[in-house]
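Just so you know, the protein sequences line up as chains U and D, in that order.
Under this note's numbering, the first residue of the first sequence is numbered 117, with each subsequent residue one higher.
Under this note's numbering, the first residue of the second sequence is numbered 194, with each subsequent residue one higher.
Note that beta-carbon positions come from the ideal geometry of N, C-alpha and C, so glycine has one too.
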Amino acid sequence: MVMLNILVGGRAGQGINKVSEIISNVLIKYGYYVFNYRDYPSIIRGGHNFNVLSISDKLIGSHESKVDFVLALDKNTVDVHKNDLKKGGAVITSDEFSKFGLNANVALSAALIKILGIDKKVLFDEVKKEIKDSGSLDAAEAGYNSQTIKFNLKKLNNNAKILDGNTAVAVGARNSKIDIYFSYPMTPTTNCLQELASNQIEDNLLAFQPEGEISAVNMALGASFAGAKVMVGTSGGGFDLMVEALSLQGMSEIPLVVYLGSRGGPSTGLPTYTMQGDLDDALRAGHGEFPRIVIAPGSPAECIEKTNEAFYLSEKFGALSIVLSDKHLAESEFSYDSKINTPLKVQVKRNVPGEKGFVAKASSYEHDEYGLSTEDAKITKENADNRMKKYSEIQKECKKFEMIKIHGKKDSKNLIIGWGSTKGAILDAIEGQDYKFLQVLYMKPLSDEIKKEMLKAKKIILVENNLTGQLGKIIREKTGLKIENRILKYDGRPFTSDELKEKLEEIK
Amino acid sequence: MKNAMKRERKGQPLATDVNPTWCPGCPDHMIFESARRAVLSLMKQGYKRENFAMVSGIGCHGKIFDYLNLSGIYGLHGRAIPTAIGMKIGNPNLKVIAFTGDGDTYSEGMEHFIHACRFNPNMTLLVNDNQSFSLTTGQATPTSQQGWKTKTEPLGDFNKPLNPLMLALSAGATFVARCNARDIEHTQKIIEEAVKHNGFSYVEIIQDCLIFNPEALKRDKMIYKLTDKKRTFDEAMNLAKEFDYNLKDGKIPIGIFYKTERKTLEEEWPQLNNLIKKNISWKDLKK
Ligand SMILES: Cc1ncc(C[n+]2csc(CCOP(=O)(O)OP(=O)(O)O)c2C)c(N)n1
């Protein structure tokens, strides 16, 4: 089995992402799978950024803590990461390529491609496609010639694609025929705004950046009421600003989809790092009692499908749908080769303003069936009961979708429970071992299957990228079952597969 | 959601059958009547009733949502403006009127006011300015007279009042007007002009609050009507300066201060232009 981890490091602005991109694209063309983790501080120029690019002949969804190569665009990278090398690992610096200026990164990628033993033509095709600057081919030539072949990677027949979570959410929205996306830039979801904005005219949609998140969400409700299919995107701080309007959604029943990509918190926290700390927030944000749907995809392919389900459910029930992700899923690049389900049709069948003879009124006040305010006790109670009834209908409808997934050894008595972006590391850590992995995708409503699976297991282990084990708590609330074994990580970094494997061993 | 057309009051088109709960004599009744007559008059001039949509903020002013029988959203305190802009982006063929208060627009939702002037969406903003948070029983707003003592500000409001017309002008509003709530005919006429304006039309409607800020009553004799003449930006600014909201002295011009043309938000976006040209909404767009 091939499994290589390549760390690419440098200052912000030196083009480390280009290195990962060139290597990834070449490897994908060569029939391999890749996973690219991005680690960068909130700095535009300078500082220290690095990616860990993992390559395998099997599908992977995480990186390892020790690497086989360090590709260094500056000296600092060597100092910081030389201890991350595996035994026999190597450092390649861009020193000898400095004459190529900004193309030094191309030379560095080429050097690694040679080491892997990949055909020069595949590399050159890629460089030609990616970088129009004429100096890039000279740099590629020099880089390629600077090394000798160490691995003779064979060409394979796999045909994977590369996708990050942000782009995948955008694809899911486009598959749902989104009309308008309202978003105020905030890491880690800014790239979703960029993606939807980039081709908006051809895509027949509009990406609008208003003066802030409060505006974004109220605009979205206004546009949705007028008959458009809308989504807002943000991260924790921006989401908190939207909360009053989420409650307005609950009262007015105007369809709304929210894409929430969490990062390290509380507050401004770690803007460019990852955490699963906002699950409680997504489940509860907004005053008063009203139904909602919270879905947490664990891979880009799931981002595409689950975003579409979020649109479908929101429109069908006049409900709030939240797609919950985090920096690790939103900004890491995953290869995948699974087929995406045919998108569900999202149709606006509501009465909207503009219809002759119809007056459509939606209200933030408790209201009668015409949308006119009331303080009547009987209507107040009936409306509250109807909101609960709507939730029961949502629960029924969600059963049509994959609310959980079972991975790993199907008859194992060792059950791992997790959600969202930890999926990749969990799958890689339990590969070939005696574990069953229950991935929760619907955080609300929660599947009844979870309890059944828990009752079948001997040992249950909760894996979450947060401090308090938030999924564990909601499972306990729903099932009465407490999960004794918890592997929690909350330093802003995602799990690596080897680290997780070790932690699992300790519990076993 | 049922069709509220069924709730139309007999003999009073565009009014619902809900009885207004504004205080007796409150100018909000008169603003309602001006708005109702303005829309009726516009309908006679060819505008379609179904193409009107309203958004209200929260406050005494906002209650108009339950009384005026047009489609729309009874929104959040301070957020009527973004809700209305969203409605316009969601269907640029709608004629959207936002009904708000001074607490709503100049306090809680100030940022939206400034940006709406910049964005220039083709919609109308009415601000019922009673210089008081009245539904919360009378506290000072940004336009209250300096020194006003309320239960929550027993030492008096320390701040100089904001001049919202000067602010709107400098933020780029393309239509700036002021009315007196108790002059129903004039207010109706200005609302009609505002709706017809291609761009963001802002109408400040000064009104008294008989219960909490009766001092505002004193200003009647200061009010005078502007002529219809077209004005430069500087002329409009100078007129706006005539009244400082302290209710002590000066003159209070009412009428249209400033009117100019600039590309609207809808005209800037090709996607929205396309919908306008085809006279359809996103809902009808084949994708
Ligand atoms: C977020 C929020 N904060 C506070 C309130 C309470 N509140 C209701 S009406 C109002 C003041 C309204 O003042 P104004 O907009 O001037 O309207 P008026 O009642 O004077 O017509 C306030 C503060 C609220 N509804 N929502």
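By a beta-carbon distance limit of 8 angstroms, U:F298 does not contact U:A342. Their separation comes to about 13 angstroms. Listed as beta-bridge partners of D:C372 by DSSP are D:I398.
Using a cutoff of 7 angstroms, the CB of D:G252 counts as near ligand 1, since one of the ligand's heavy atoms is closer than that.
Cβ-Cβ distances below 8 angstroms link D:N286 to N244, L468, I469, N472, I473 and S474 in the same chain, with the five nearest sequence neighbours on each side left out; the list follows chain order.
Not a single heavy atom of ligand 1 lies less than 7 angstroms from the C-beta of U:S368. The three-state reading of DSSP puts U:Y149 in strand, counting E and B together.
Each of D:L263, D:A387, D:G271 and D:F312 was checked against the Cα of D:E301, and the nearest Cα belongs to D:G271. The closest heavy atom of ligand 1 lies 7 angstroms or more from the beta carbon of U:D356.
Per DSSP, the beta bridge partners of U:F166 are U:G125 and U:D155. Not a single CB atom of chain U sits nearer than 8 angstroms to the CB of D:E461.
U:Q555 carries a strand assignment under DSSP once its states are collapsed to helix, strand and coil.
Remark: C-beta atoms of D:Y451 and D:F426 approach each other more closely than 8 angstroms. Runs of the beta strand (DSSP E) lying entirely within the stretch 397-459 of chain U, each at least 3 residues long, are 408-411, 436-442 and 449-452 in chain order.
Residues of the stretch 318-334 of chain U that bring their beta carbon within less than 7 angstroms of a beta carbon in chain D comprise N320, L322, F324, P326, E327, G328, I330, S331 and N334, in sequence order. A check of alpha carbon separations from U:A227 across U:V118, U:I122 and U:K244 identifies U:I122 as the nearest. Around the beta carbon of U:T584, fewer than 16 other beta carbons lie within 10 angstroms, which makes this residue exposed.
Listed by position along chain D, the residues whose Cβ is nearer than 7 angstroms to that of U:E360 are L269. Restricting attention to U:I231, U:T305 and U:N424, the CA atom closest to the CA of U:K293 is found in U:N424. D:T457 and U:N315 have their C-alpha atoms roughly 22 angstroms apart. Residues of the stretch 467-488 of chain U with a C-beta less than 9 angstroms from any C-beta of chain D: N467, V468, P469, G470, E471, K472, G473, F474, V475, A476, K477, A478, S479, S480, Y481, H483, D484, E485, Y486, G487 and L488, listed in chain order. According to DSSP, U:M347 shares a beta bridge with U:Y297 and U:V373. Put simply, the CB of U:K293 is near chain D, with a gap under 8 angstroms to one of its CB atoms.
By the C-beta density criterion, U:Q365 is buried, having at least 16 other C-beta atoms within 10 angstroms.
Taken through DSSP and simplified to helix, strand or coil, U:P382 comes out as coil. For D:T336, same chain residues with a beta-carbon under 7 angstroms away, outside a window of 5 residues either side, are D295, Y299, D322, Q324, P354, L355, P357 and Y438 in chain order. Taking each of U:A344, U:L253 and U:G129 in turn and checking the Cα distance to D:G283, the smallest one comes out for U:A344. Proximity of D:Q238 to chain U, defined by a Cβ-Cβ separation below 8 angstroms, is not satisfied. Within the DSSP secondary-structure output, U:E580 pairs in a beta bridge with U:L604. Residues of the stretch 452-465 of chain U with a Cβ closer than 7 angstroms to any Cβ of chain D, in chain order: V464.
In this structure, DSSP gives U:G204 an extended state, which the three-state scheme calls strand. The C-alpha of U:T306 is placed about 13 angstroms away from the C-alpha of U:G352. Within its own chain, the residues whose Cβ lies closer than 6 angstroms to the Cβ of U:R161, once the five positions on either side in sequence are excluded, are A128 and G129, listed in chain order.
The residue among U:R503, U:I132, U:D280 and U:P157 with its C-alpha nearest the C-alpha of U:G385 is U:P157. U:E246 and U:H179 have their C-alpha atoms spaced approximately 25 angstroms apart. The Cβ atoms of U:E447 and U:D607 do not sit closer than 8 angstroms to each other. When the five nearest sequence neighbours on each side are left out, the beta carbons in the same chain lying within less than 8 angstroms of the beta carbon of U:Q463 are those of E431, in order along the chain.
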